[in-house]
Amino acid sequence: MERNLDEPPAKRIKPSSPELGKFSDNSSPPHHSNPSDKPMSEPSSSRGQIHGDMVGSKGLINRVEFVRVITKTLYTLGYKNAGASLEQESGIQLHSDSVNLFREQVLSRNWDGSLAALHILGISDGDIVRSASFLILEQKFLQLLRNGKATDALEVLRREITPLGINTKRIHELCSYMIGFGKIGGESPSSPMKVLEELQKLLPPYLMVAEKRLEHLIEEALTMQKNACPFHNPLDSSLSLYADHRCRKDQIPSQTTQVLEGHTDEVWFVRFSNSGRYLASSSSDKSAIIWEVNEDGKLWLKHTLCGHLKPVVTASWNPDDTQLLTCGWEEDIRRWDVESGECIGSYQRETIGFISYGFGFISCGFISDGKMFFSCLNGMDFCISGFNWERLKRLKGQRNTNFSDMAVTKDNNIIIFTDKNSALQLLDVALQKKRFVEEEHTITSFSLSKDEDFLLVDLVNQEIHLWSIKDEPKLVMRFNGHKRTQLLIRSCFGGLEQGFVASGSEDSRVYIWHRGTGTLLEALDGHSGAVNCVSWNPANPHMLASASDDWTIRVWGTKTC
Amino acid sequence: MMELDPRQYEHVAISDADVRNIVLSYLIHNCFKETADAFLTSTGMKHPVDYLVDMDKRKSIFHFALEGNALEAIELTQQLAPNLLEANMDLHFDLLSLHFIDLVRSRKCKEALEFGQKSLTPFGKVQKYVTKLEEFIALLAYEEPERSPMFQLLSPEYRQNIADSLNRAILAHAKLPAYSSLEKLIQQITVVREYLQQELAKDAPPPFSLKAFLNS
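Same order as they appear, the protein sequences are chains A and B. Counting with this note's numbering, you get residues 548 to 1108 for the letters of the first sequence. Counting with this note's numbering, you get residues 40 to 255 for the letters of the second sequence.
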């Protein structure tokens, strides 16, 4: 955004005697030490009296501040004349005369003048004055140095900068520049505008209205409204200023838009592809199906992938959705080409190097770059391998259950896996550090949020827990209401900015909660068997798919779909 | 092997010649020429080869360094031991910095600035000198360098340190011992006593204190 050099010049035509208005600010009250300025008194004369001090229905907004912020916004937007008119009509100057003088001096690189102007601004906090002086003198120093006047620069350093008694480290750096090493080459001259901005950050806020102040205040209000909106799941995520934002319930998928019948037995797993263009499903009928999403939002069967000899428990997409990895229950892992539906590889536990146990794989998935995959063996062994059978990493868990899960962050640095029955281990590969998510009940499955800062953990006690894992793992929210007693039921993140959590349930319903507040929003009827897994389309916040024991997959959408 | 109680050391026999050598090595190391001469004459010991010539030069070099007159010290060192400073970059750097500090001490800041730009900047290319360089150069920022955080650079102790290093380097260059035997002996005793203290705890003799020893 173009910075406004169009602010009013220091001298302008003033009507009668404009007061500067009361600068009500909590830090230092302005001093009356400045002879050239009008005294900063209450706006009890001229215009202040007519309109009153405060505006807004709650009496929270100070009139003078409000007008100044608006004036600043007008100038920022480029409406010079409007800005000047407002100053004139309201009698409230955006910047006092002394501030205008200061700005002029800085913008014309007149550092000695800037310093003098700084001192008549009437700032009582000595630390602030010192920091600002340091900044100005630093510019003076650097300018002299650039013009080849090293000795003069040295004098400035010794006589003016060092005595300020602050920022010793920077003083030493400046010395290095003088001798000729250090990064002066890389230190390009700051534009005077930038210097002014830096100074503005140091000085008390009432002197100069901060850049984009009004925009900041409004954005805060909008964010608050958005966070408070429980059904916030619009296709278009912009918010209007005209009315307080509140989505209606119809933004959440709640209607069955399609029933997909392609499997001949219980459907255990569904997952949309990364692009949202495909849906993979896997079933106890020993097959997996790739469905394609049409432009009109309808899905049709693209390929049925046969080859497994056992029920297929999971399907994983590679990053560009060209391949699918499926796992047969205690059997093999197979790799499929999405376009052709051909099986391009199959991996047995022996090839990966697991020798002893009698079981096969129970879970698998692509690692972020698509060149490696992880495999889980009966809850105790995890392995990361390459597709040429190179075994890259092996981990051991301590579970005695027969389901387990694993995830790896996109940077390949953190590996998350089910460690004990009721704990997940987060292994930081680079730092060799382990963190744990400790639960009180057995964990059945989990998923990682898109921003990789959260984990959604499914538990046997019919609760879903949301953990924040950015630093030390912390429990953030619980979701319940669904039923789970015997089966493996999976949940997922979804919706706009992953603001919702959905889960299957043994009572044949699909449950949807608001992630931020944990409120149950929907319990969708439709299936006639337990819903094992759900997946929310990453590209379409209005599309949700669910897989059920009733042999079907349902696609859910909003009423308008 | 007789039972030796560390506290009863008077029984150990020492040869006189050994003692004299220790004293002589100390005198030579510290360039006490006249004293060394007198000692040699009184004890009738033989003069070591060439020691006189070197000692004079070494003495002046040492004193120049001690005063902070690094340029003279460098000049003489180049005469006495031509490739010493090239081989000893660290030492060369320390000496040049000493000159810089001297200029700052005499408040000749402009000269210091120029000298720094000319002679010290080339060292800035090597990472290990950079931190030290930054410290020296920073002295320029202060009108009263003695009050700056780097005040110890101006102290006589600092110069003593460098003078000592230079002395040792010259001795080593001439294939003479870099530390006098007396120094080494005292260091050894201190370590042995410390070790005994750790081993024997309360039974051990107290840590070695030269002062206490001399007073006993």
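We treat Cβ as the ideally placed atom computed from N, Cα and C, and that holds for glycine. Everything numeric in this text was worked out from a predicted model, so none of it was measured.
Contact set between residue i and chain A, taken where Cβ atoms lie within less than 7 Å
| i | result |
| --- | --- |
| B:Q156 | I726, G727 |
| B:E173 | H719, S723 |
Cut-off 7 Å between Cβ atoms - residues of its own chain near residue i, not counting five sequence neighbours on either side
| i | result |
| --- | --- |
| A:W1014 | V984, F1001, L1002, V1004, P1020, K1021, L1022, V1023 |
| A:G733 | Because A:G733 carries a pLDDT of 44, less than 50, the predicted location of this residue cannot be relied on, and the following value inherits that uncertainty. Contacts found: none. |
| A:R615 | I639, L641, V756 |
| A:A700 | F688, L691, L692, M725 |
| B:L193 | I140, R144, P184, E185 |
Exposure label - residue i; buried when at least 16 CB within 10 Å
| i | result |
| --- | --- |
| A:W847 | exposed |
| A:G1041 | buried |
| B:L249 | exposed |
| B:H138 | buried |
| A:A835 | buried |
| A:H810 | buried |
| B:L134 | buried |
| B:V165 | exposed |
| A:D1096 | buried |
| B:Q117 | exposed |
| A:D966 | buried |
| A:D1072 | exposed |
| B:P195 | exposed |
| A:E878 | buried |
| A:T991 | buried |
| A:K980 | exposed |
| B:A251 | exposed |
| A:G599 | exposed |
Residues near residue i by beta carbon distance below 6 Å, same chain, minus five either side
| i | result |
| --- | --- |
| B:A120 | I209, H212 |
| A:L788 | none |
| B:D55 | none |
| B:K72 | M94 |
Within chain A, the residues that residue i reaches when beta carbons sit closer than 9 Å
| i | result |
| --- | --- |
| B:A109 | Ordered by position in chain A, no residue passes the 9 Å Cβ test against B:A109, which lies about 18 Å from the chain. |
Residue i: contacting residues in chain B (beta-carbon distance under 7 Å)
| i | result |
| --- | --- |
| A:R693 | Within 7 Å Cβ-Cβ: nothing; A:R693 doesn't reach chain B, min ~16 Å. |
Length of the line joining the Cα atoms of residue i and residue j
| i | j | result |
| --- | --- | --- |
| A:S910 | A:G875 | 8 Å |
| B:M189 | B:G107 | 17 Å |
| A:F921 | A:K857 | 19 Å |
| A:D892 | A:T869 | In the sequence under discussion, the amino acid at residue 892 of chain A is Gly, which differs from the Asp named in the question. So the alpha carbons of these two residues sit roughly 14 Å apart. |
| A:S591 | A:V611 | Because A:S591 sits at a pLDDT of 39, beneath the cut-off of 50, its placement in the model cannot be relied upon, and the following sentence gives the value as read from the coordinates. One C-alpha to the other measures close to 12 Å. |
| A:G917 | A:L1034 | 30 Å |
| A:P1088 | A:N865 | 21 Å |
| B:F103 | B:E111 | 7 Å |
| A:R881 | A:S1082 | 21 Å |
| A:G727 | A:L692 | 10 Å |
| B:A52 | B:G83 | 22 Å |
| A:K1106 | A:L782 | 13 Å |
| A:E1044 | A:W1060 | 14 Å |
| A:S680 | A:G660 | 11 Å |
For residue i, the residue or residues it bridges with in DSSP
| i | result |
| --- | --- |
| A:N609 | A:M601 |
| A:N1027 | A:E1010 |
| A:Y753 | Per DSSP, none; premise fails for A:Y753. |
| A:Y825 | A:E839 |
| A:D499 | With chain A represented from 548 up to 1108, any question about residue 499 of chain A goes unanswered, as that position is not in the structure. |
| A:R982 | A:L973 |
| A:T1099 | A:E808 |
| A:Y1058 | A:S1050, A:A1070 |
| A:C930 | A:S922, A:R941 |
| A:G727 | Paired residue(s): none; A:G727 is not in a bridge. |
| A:W847 | A:E839 |
| A:E878 | A:F908 |
| A:D644 | Bridge partners of A:D644: none, in fact. |
Within chain B, partners of residue i - CB distance below 9 Å
| i | result |
| --- | --- |
| A:R705 | C148, L179, A180, Y181, E182 |
| A:A775 | Per Cβ cutoff of 9 Å: no residues; A:A775 is ~53 Å from chain B at best. |
Chain-ordered chain A contacts of residue i [CB-CB under 8 Å]
| i | result |
| --- | --- |
| B:I176 | H719, C722, S723, M725, I726 |
| B:P268 | Beyond the ends of chain B as shown, which are 40 and 255, falls residue 268 of chain B; an answer cannot be given. |
Contact set between residue i and chain B, taken where Cβ atoms lie within less than 8 Å
| i | result |
| --- | --- |
| A:L701 | C148, K149, L152, L179 |
| A:T698 | K149, L152 |
Beta-carbon proximity list for residue i, same chain, < 8 Å, skipping 5 on both sides
| i | result |
| --- | --- |
| A:P739 | V653, L654, S655, R656 |
| A:L682 | V742, E745, L746, L749 |
| A:Q772 | L786, D791, H792, R793 |
| A:H855 | K833, S834, A835, T873, G875, E878, D879, R881 |
| B:C148 | L142, L179 |
| A:T1099 | V806, L807, E808, H810, V814, H1074 |
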